[in-house]
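So the protein lines, in turn, are chains A and B.
For the first sequence, this note's numbering assigns the number 78 to the initial residue and increments by one for each residue that follows.
For the second sequence, this note's numbering assigns the number 78 to the initial residue and increments by one for each residue that follows.
Before any comments, here is the structure.
There are 2 protein chains.
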Amino acid sequence: MGVFWSRGYHATALPDLLRATKLSRGSLYAAFGDKHSLFLRALDCYIADAVTRMDIELDPRKDPVDGLRAYLAGYVERTSGAHGRRGCLVIATTMELAGRDADVNRRIASFFEVMEARVADALSRAKAAGRLADGVDPANAARILVCFVEGLRVISKTAPTGAITQAAADALLDRFIR
Amino acid sequence: MGVFWSRGYHATALPDLLRATKLSRGSLYAAFGDKHSLFLRALDCYIADAVTRMDIELDPRKDPVDGLRAYLAGYVERTSGAHGRRGCLVIATTMELAGRDADVNRRIASFFEVMEARVADALSRAKAAGRLADGVDPANAARILVCFVEGLRVISKTAPTGAITQAAADALLDRFIR
DNA sequence: TGATTTAAAGACCATTTGGTCTATATCTTT
DNA sequence: AAAGATATAGACCAAATGGTCTTTAAATCA
Chain A
78 MGVFWSRGYH
88 ATALPDLLRA
98 TKLSRGSLYA
108 AFGDKHSLFL
118 RALDCYIADA
128 VTRMDIELDP
138 RKDPVDGLRA
148 YLAGYVERTS
158 GAHGRRGCLV
168 IATTMELAGR
178 DADVNRRIAS
188 FFEVMEARVA
198 DALSRAKAAG
208 RLADGVDPAN
218 AARILVCFVE
228 GLRVISKTAP
238 TGAITQAAAD
248 ALLDRFIR
Chain B
78 MGVFWSRGYH
88 ATALPDLLRA
98 TKLSRGSLYA
108 AFGDKHSLFL
118 RALDCYIADA
128 VTRMDIELDP
138 RKDPVDGLRA
148 YLAGYVERTS
158 GAHGRRGCLV
168 IATTMELAGR
178 DADVNRRIAS
188 FFEVMEARVA
198 DALSRAKAAG
208 RLADGVDPAN
218 AARILVCFVE
228 GLRVISKTAP
238 TGAITQAAAD
248 ALLDRFIR
């Protein structure tokens, strides 16, 4: 997974994969079929990790506002310094392959849907608890938050963000809650 | 430019370039040197277009709030339907090459800086005109808006957005202005 | 028209790509 | 220790990559 993450699909050549998996050519093909299947496995893995993380951060049994704060804080951390420069496999794959690769497309689309749904759910719970500012619609706010964090990952590829991003994340959430 | 835009750097092969430029191999190399230089030209072109557009939308002589609305509307339009699916050369390049290619890195980083500065400037003018909601910091809000639109372009690759995105954009801006 | 520059077509090249296959070595398992 | 299974190293392959070069055609200019 790591090598695809760091280099992207096209830029990852077989030798890179062999080095990363410490497998011989034969074993790798016996185990995974081909490069594309292996990539799909890596992508599934990455997505599963991300969903797991969200399940923890936005756990329905926890306070939704705390959850959203944790969710944003996670992205702030992941877009700082070297983490930020490494980027995000999902976004890189989206831009590189989505639209030309149906297998990839399905996975990515569903991931974004899941993410937006989880955030929307947390916002709905916040609203039910009277914690949302007047006139805030959970669905709209969810899309805004998801786009914000994805955008963060993009701009932090060239300019890893820091304190200023934390401030922006705080400012954004503050507009929604009370 | 179009072919890099649609396919990305690595996925664009020489034959694609020849077809797109209607040049012969020899002429193309005489004119541009190599694939990388040609790509840089295309990227510069794309960025110049984007900056020009922003200069019009966020023209200091126009009402800043109208300008911001136009700026967001542009992104809403560009992320709908087929436009959306085509994606954005800058973001695709960011994810594919930034961090491994210094020439690319410089261009992208400066573009994001310019964009954020333009948006921040519009917000500052709005604040000076008393059009900003209480407690809104132009720098923070600019980063939020930039991340939002870049995130929009990402998620619209797999799920071209529509009315819901317009609503989200409106909702976001409404949180900042009064 | 005839000479000279310019561009097109595509043969050609070394390298790299993803992928297969065989021969050798390393384990298990009895 | 012997036999069988398993994995390794790496030779090998066809196709595609980015890039060069020569030959031929088209345009320009005198």
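The C-beta atom is built at its ideal place from N, Cα and C for all residues, glycine as well.
Keep in mind it's a predicted model, so treat the numbers as computed, not measured.
When the options are compared against residue i, the one with the closest alpha-carbon
i	options	result
residue 233 (chain B)	A:137, A:124, A:188 and A:158	A:188
residue 177 (chain B)	A:235, A:144, A:247 and A:109	A:235
residue 160 (chain B)	B:101, B:83, B:247 and B:87	B:83
residue 186 (chain A)	B:86, B:112, B:162 and B:113	B:162
residue 85 (chain A)	A:100, A:112 and A:102	A:112
residue 252 (chain A)	B:152, B:226, B:229 and B:214	B:214
residue 248 (chain B)	A:124, A:210 and A:138	A:210
residue 180 (chain A)	A:212, A:96, A:128 and A:115	A:115
residue 133 (chain B)	B:195, B:238 and B:190	B:195
residue 137 (chain A)	A:184, A:199 and A:166	A:199
residue 124 (chain A)	A:230, A:191 and A:237	A:191
residue 216 (chain A)	A:100, A:242 and A:197	A:197
residue 237 (chain B)	A:231, A:87, A:175 and A:152	A:175
residue 244 (chain B)	B:152, B:182, B:184 and B:102	B:152
residue 166 (chain A)	B:231, B:183, B:102 and B:103	B:231
residue 223 (chain A)	B:208, B:242 and B:212	B:242
Proximity test, Cβ basis, 9 Å: residue i and chain B
i	result
residue 223 (chain A)	yes
residue 189 (chain A)	yes
residue 249 (chain A)	yes
residue 253 (chain A)	yes
residue 88 (chain A)	yes
residue 112 (chain A)	no
residue 85 (chain A)	yes
residue 244 (chain A)	yes
residue 199 (chain A)	no
residue 164 (chain A)	yes
residue 175 (chain A)	yes
residue 142 (chain A)	no
residue 107 (chain A)	no
residue 80 (chain A)	no
residue 96 (chain A)	no
residue 168 (chain A)	yes
residue 218 (chain A)	yes
Alpha-carbon to alpha-carbon, residue j and residue i
i	j	result
residue 158 (chain B)	residue 140 (chain A)	37 Å
residue 193 (chain B)	residue 218 (chain B)	10 Å
residue 250 (chain A)	residue 98 (chain B)	47 Å
residue 94 (chain B)	residue 80 (chain B)	7 Å
residue 154 (chain A)	residue 135 (chain B)	31 Å
residue 92 (chain A)	residue 164 (chain A)	22 Å
residue 156 (chain A)	residue 227 (chain B)	15 Å
residue 221 (chain A)	residue 78 (chain B)	30 Å
residue 225 (chain B)	residue 255 (chain A)	22 Å
residue 150 (chain B)	residue 130 (chain B)	12 Å
residue 240 (chain B)	residue 246 (chain B)	10 Å
residue 127 (chain B)	residue 229 (chain B)	16 Å
residue 89 (chain B)	residue 87 (chain A)	11 Å
residue 184 (chain B)	residue 100 (chain A)	38 Å
residue 208 (chain A)	residue 208 (chain B)	26 Å
residue 103 (chain B)	residue 182 (chain B)	29 Å
residue 96 (chain A)	residue 96 (chain B)	37 Å
residue 212 (chain A)	residue 212 (chain B)	18 Å
Residue-level contact to chain A via CB, residue i, 9 Å cutoff
i	result
residue 154 (chain B)	no
residue 229 (chain B)	yes
residue 186 (chain B)	yes
residue 121 (chain B)	no
residue 172 (chain B)	yes
residue 234 (chain B)	yes
residue 214 (chain B)	yes
residue 196 (chain B)	no
residue 226 (chain B)	yes
residue 241 (chain B)	yes
Opening and closing residue of the alpha helix (DSSP H) in which residue i lies
i	result
residue 86 (chain B)	Premise fails: residue 86 (chain B) is in no alpha helix (DSSP H) and is neither H nor E.
residue 224 (chain B)	215–235
residue 121 (chain B)	112–134
residue 242 (chain A)	240–253
residue 179 (chain B)	179–205
residue 157 (chain B)	Residue 157 (chain B) -> no alpha helix (DSSP H), and no H or E assigned at all.
residue 102 (chain B)	102–109
residue 91 (chain B)	91–98
residue 166 (chain B)	166–173
Check: residue i C-beta below 8 Å from any heavy atom of the ligand GDP
i	result
residue 103 (chain B)	Looking at this structure, you won't find the ligand GDP or any other ligand, since it has none at all.
* Do the stretch 116–125 of chain B and the stretch 166–176 of chain B touch if we need at least three Cβ pairs shorter than 8 Å? -> yes
* For the 8 Å Cβ check, are there 3 or more pairs between the stretch 201–209 of chain B and the stretch 196–211 of chain A? -> no
* Asked: Is the stretch 133–153 of chain B touching the stretch 98–108 of chain B, taking contact as three or more C-beta pairs under 8 Å?
  -> no
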